[in-house]
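Contents: one structure, followed by commentary.
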Amino acid sequence: MKLRYLIISLIVLSITSLFVGVSDLSLKDIFSLTADQRDILWHSRIPRLISILIAGMSMSIVGLIMQQLSRNRFVSPTTAGTLDSAKLGILVAMLMFTSASPLVKMSIAFLFALAGTFIFMKLLEKIKFKDTIFIPLVGLMFGNIISSMATFIAYKNNLIQNISSWMLGDFSMIMSGKYELMFISIPILALAFLFANKFTIAGMGEDFAKNLGLNYRQVVNLGLMIVALVTASVVLTVGVIPFLGLIIPNIVTIYQGDHLKKSLTHTAVLGAVFVLVCDIIGRIVIYPYEIPISLTVGVIGSAMFLYLLLRRKKYGL
Amino acid sequence: MAYKKKTVILFLVALLLTCLYIFYGLSGNIDYILPRRIVKVIAVIISGGAIAFATTIFMTITNNRILTPSVMGLDSLYLLVQTVMIYLFGSHSLVMMNSNINYVISIIAMVLFSLILYRILFRGEDSNVYFLLLIGLILGTFFNSATSFMQVLIDPNEFMIAQDKMFASINNVNTNLVYLSVVLIFLVMLYFWRYAKYLDVLALGKDLSINLGVPYNDVVKHLLVIVAIMISIATALTGPMTFLGLLVVNLAYEFLKTFRHKYIIMGSALISIIALIGGQLIVEKIFVFQTPISVIINFIGGIYFIYLLLKENRSW
Numbered sequence: 001m002k003l004r005y006l007i008i009s010l011i012v013l014s015i016t017s018l019f020v021g022v023s024d025l026s027l028k029d030i031f032s033l034t035a036d037q038r039d040i041l042w043h044s045r046i047p048r049l050i051s052i053l054i055a056g057m058s059m060s061i062v063g064l065i066m067q068q069l070s071r072n073r074f075v076s077p078t079t080a081g082t083l084d085s086a087k088l089g090i091l092v093a094m095l096m097f098t099s100a101s102p103l104v105k106m107s108i109a110f111l112f113a114l115a116g117t118f119i120f121m122k123l124l125e126k127i128k129f130k131d132t133i134f135i136p137l138v139g140l141m142f143g144n145i146i147s148s149m150a151t152f153i154a155y156k157n158n159l160i161q162n163i164s165s166w167m168l169g170d171f172s173m174i175m176s177g178k179y180e181l182m183f184i185s186i187p188i189l190a191l192a193f194l195f196a197n198k199f200t201i202a203g204m205g206e207d208f209a210k211n212l213g214l215n216y217r218q219v220v221n222l223g224l225m226i227v228a229l230v231t232a233s234v235v236l237t238v239g240v241i242p243f244l245g246l247i248i249p250n251i252v253t254i255y256q257g258d259h260l261k262k263s264l265t266h267t268a269v270l271g272a273v274f275v276l277v278c279d280i281i282g283r284i285v286i287y288p289y290e291i292p293i294s295l296t297v298g299v300i301g302s303a304m305f306l307y308l309l310l311r312r313k314k315y316g317l
Numbered sequence: 318m319a320y321k322k323k324t325v326i327l328f329l330v331a332l333l334l335t336c337l338y339i340f341y342g343l344s345g346n347i348d349y350i351l352p353r354r355i356v357k358v359i360a361v362i363i364s365g366g367a368i369a370f371a372t373t374i375f376m377t378i379t380n381n382r383i384l385t386p387s388v389m390g391l392d393s394l395y396l397l398v399q400t401v402m403i404y405l406f407g408s409h410s411l412v413m414m415n416s417n418i419n420y421v422i423s424i425i426a427m428v429l430f431s432l433i434l435y436r437i438l439f440r441g442e443d444s445n446v447y448f449l450l451l452i453g454l455i456l457g458t459f460f461n462s463a464t465s466f467m468q469v470l471i472d473p474n475e476f477m478i479a480q481d482k483m484f485a486s487i488n489n490v491n492t493n494l495v496y497l498s499v500v501l502i503f504l505v506m507l508y509f510w511r512y513a514k515y516l517d518v519l520a521l522g523k524d525l526s527i528n529l530g531v532p533y534n535d536v537v538k539h540l541l542v543i544v545a546i547m548i549s550i551a552t553a554l555t556g557p558m559t560f561l562g563l564l565v566v567n568l569a570y571e572f573l574k575t576f577r578h579k580y581i582i583m584g585s586a587l588i589s590i591i592a593l594i595g596g597q598l599i600v601e602k603i604f605v606f607q608t609p610i611s612v613i614i615n616f617i618g619g620i621y622f623i624y625l626l627l628k629e630n631r632s633w
């Protein structure tokens, strides 16, 4: 899995993504765009492409960071309650601050996601028996509990349909003016790259990291903040994309090993490629309609995760 | 014989709640309301009982108090099978060929699938409980996503027709399958009778029961078929309830303090009925919530599940 080929396929897929869709727009028109076509390109197709790229990259990187910090291959926003906490946060924001701007909503979702992830990490410290399988199990159940709290509140306020349409990861509603919140992820991801070495050291365990002179607490907290912020912004704009943070880092680590500095770029690019492929599939299968991305990724992702789990001995996970 | 007395108490409580549910606030057009309520109660009793029954057997087979068929994704599998049927045959066939036939075909598909699943999951030496659980949860997610995926593929008009007929919840009990379910439960019980005597021995574990002369693989396979049918019936009538089985069977073990399956099965079925009907009464009549009881059960069940996991873990 050379980075070169990944980048080439990323470019090819990105161009394909621009020219797949209901409105007529093909590659040969690119130099003689009509006004309509230009609008579609600028207000729909390009925002969509950008949001796919950001979502794919950031969710995979976040997964990788979480796996380093918890020292467990199977921890990710999906399996640590982060996604469900963000969902609860959005619900609370919708109820209490009806007229708040997206930024305020995102901050609330961020606080909830942070709190949720933090509680989960605390729970992990309590658990003496750190089995690779046991921890994601607790995380999934933890997420389930938070999610049923959200369902309960939503039911009481007749928001079930709202919350499920919010939560269903879907790129079809992305247009210019609706996705800019995602740009928050970019500086945060840059931060992740800067701190990559520190995360790698933190992944060697608390005692070891402290021995090497690392401010362990601070680095872990920073990692959790990155995770929560990125998750909140993606959930708020696109919705839930399950399993992304789980499978992509695992596939990359099988080939690249645990050094974050080496694997971060791979993870980011592969994540973007994966989401692009899933999105294009979703757009073609029932053309001219669309299948939401969370379903395509959910089916392909959970199947891949199962495969990873069943073969994990072979890969030494 | 404390557990016998306790079983009787449970039975009386269940009976009381059932009557209360049927007759509470009964006024107006009684000829219309009464039969409807009775059918609904029968459906809830059947599905609560079936879930408890299937979960008890499954826990005994797997020798574990955390693994339940719902946690292993069996009820999501039922929904997937249903959706695939609608996708393949269309809602027209559904309306014309009558939903009972569809129901039976789904159950057959379900049995086949769960046997294959069991083969794959329990074949290796690697049958660590936590591993199986995680696989089960992910399988559940997979079945759920695949179900929604197929539902998107189905023509929306057809889907609306199908949805009414096929997808039940505790507030929207699928009453047109009740009579067939009663017959099915009866048949399954007849089938189960031959294997009932093995359960107490199976609880000792695989090696011991083989030692004691139980045809282990054969018995387990038949019991698993029973579990699959029971879960199908319950899901078809009231929709999936992930943690109900886990909750009620563990409660039954705690409350009755016995390991005799005769009483555990009865006790857990009764507790399950009490939980569903009592919970429904409280939620509907007292708190006037719109929240379905299954959401509350999932909440309590989830917390209890984490507690169980942590407790098991500590004793290691």
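So the protein sequences, as listed, match chains W and G. The numbering used here applies: residue 1 is where the first sequence begins, and numbers increase by one. The numbering used here applies: residue 318 is where the second sequence begins, and numbers increase by one. Positions of the beta carbon are idealized from the N, C-alpha and C atoms, including for glycine.
- No Cβ of chain W is located within less than 7 angstroms of the beta carbon of S387 (chain G).
- Not flagged as an interface residue toward chain G: V240 (chain W), since no C-beta distance is shorter than 7 angstroms.
- By the Cβ rule, the segment 444–463 of chain G counts as touching the segment 294–304 of chain W, because three or more pairs are nearer than 8 angstroms.
- Against N615 (chain G), the close residues of chain W are N144, I145, S147, S148, T151, in the order they occur along the chain (beta-carbon pairs closer than 9 angstroms).
- Taking 9 angstroms as the Cβ-Cβ cut-off, the segment 243–258 of chain W approaches chain G at F243, given in chain order.
- Taking a contact to require three or more Cβ pairs closer than 8 angstroms, the segment 139–148 of chain W and the segment 610–621 of chain G qualify as touching.
- Rounded to the nearest angstrom, the Cβ distance from A360 (chain G) to T555 (chain G) is 6 angstroms, consistent with a contact under 8 angstroms.
- Secondary structure at N380 (chain G): coil, using DSSP grouped into helix, strand and coil.
- Beta bridge pairing from DSSP links N417 (chain G) with no other residue.
- If you check each beta-carbon in the segment 290–306 of chain W against every beta-carbon of chain G, the ones closer than 7 angstroms belong to I291, L295, G298, V299, S302, A303, F305, L306.
- Distances from the CA of V565 (chain G) to each of G:A551, G:I590, G:I546 were compared; the closest alpha carbon is that of G:I590.
- By a beta-carbon distance limit of 8 angstroms, L124 (chain W) does not contact A272 (chain W). Their separation comes to about 29 angstroms.
- With contact defined as three or more Cβ pairs closer than 8 angstroms, the segment 40–56 of chain W and the segment 103–119 of chain W are not in contact.
- In the DSSP assignment, L519 (chain G) falls within the unbroken alpha helix (DSSP H) covering 516–519.
- If you draw a straight line from the Cα of L13 (chain W) to the Cα of L83 (chain W), it is about 28 angstroms long.
- Listed by position along chain G, the residues whose Cβ is nearer than 8 angstroms to that of L309 (chain W) are F448, L451, I452, I455.
- Looking at the DSSP output, S486 (chain G) bridges to G:N489.
- Between I248 (chain W) and S99 (chain W), the beta carbon gap of about 37 angstroms keeps them out of contact (Cβ cut-off 8 angstroms).
- With its beta carbon at least 7 angstroms from every one in chain W, G342 (chain G) lies outside the interface.
- Note that the segment 424–434 of chain G does not touch the segment 503–522 of chain G; fewer than 3 beta-carbon pairs, one per stretch, sit closer than 8 angstroms.
- Apart from sequence neighbours up to five positions away, the residues of its chain that approach M304 (chain W) with a beta-carbon distance below 6 angstroms are I247, ordered along the chain.
- Excluding the 5 residues flanking it on each side, I184 (chain W) has same chain C-beta neighbours closer than 6 angstroms at S233, in chain order.
- Against chain G, a Cβ distance below 8 angstroms from M225 (chain W) picks out nothing, because the smallest value is about 25 angstroms.
- Contact check between the segment 196–211 of chain W and the segment 256–268 of chain W: three or more CB pairs, one atom from each, fall below 8 angstroms, which counts as touching.
- Excluding residues up to 5 positions away in sequence, S58, I226, L229, V230 lie with their Cβ nearer than 8 angstroms to the Cβ of I188 (chain W) in the same chain.
- If you look at N221 (chain W), you'll find it in the alpha helix (DSSP H) that goes 216–237.
- L168 (chain W) is bridged by DSSP to W:V240.
- CA-to-CA, the gap between H578 (chain G) and D517 (chain G) works out to about 6 angstroms.
- In its chain, beyond the 5 residues on either side, L384, T385, P386, V544 have a beta carbon closer than 7 angstroms to the beta carbon of F375 (chain G).
- Under the DSSP assignment, F340 (chain G) falls in the alpha helix (DSSP H) whose first and last residues are 319–340.
- Within the segment 546–573 of chain G, not one residue has a Cβ closer than 7 angstroms to any Cβ of chain W.
- With 16 or more other Cβ atoms from the protein chains shown falling within 10 Å of its own Cβ, A86 (chain W) counts as buried.
- The segment 125–166 of chain W contains, as complete alpha helix (DSSP H) runs of 4+ residues, the segments 134–156 (chain order).
- Between I594 (chain G) and V421 (chain G), the beta carbon gap of about 28 angstroms keeps them out of contact (Cβ cut-off 8 angstroms).
- The Cβ-Cβ distance between M173 (chain W) and T237 (chain W) does not fall below 7 angstroms.
- Among the CB atoms of chain W, none fall inside 7 angstroms of the CB of G596 (chain G).
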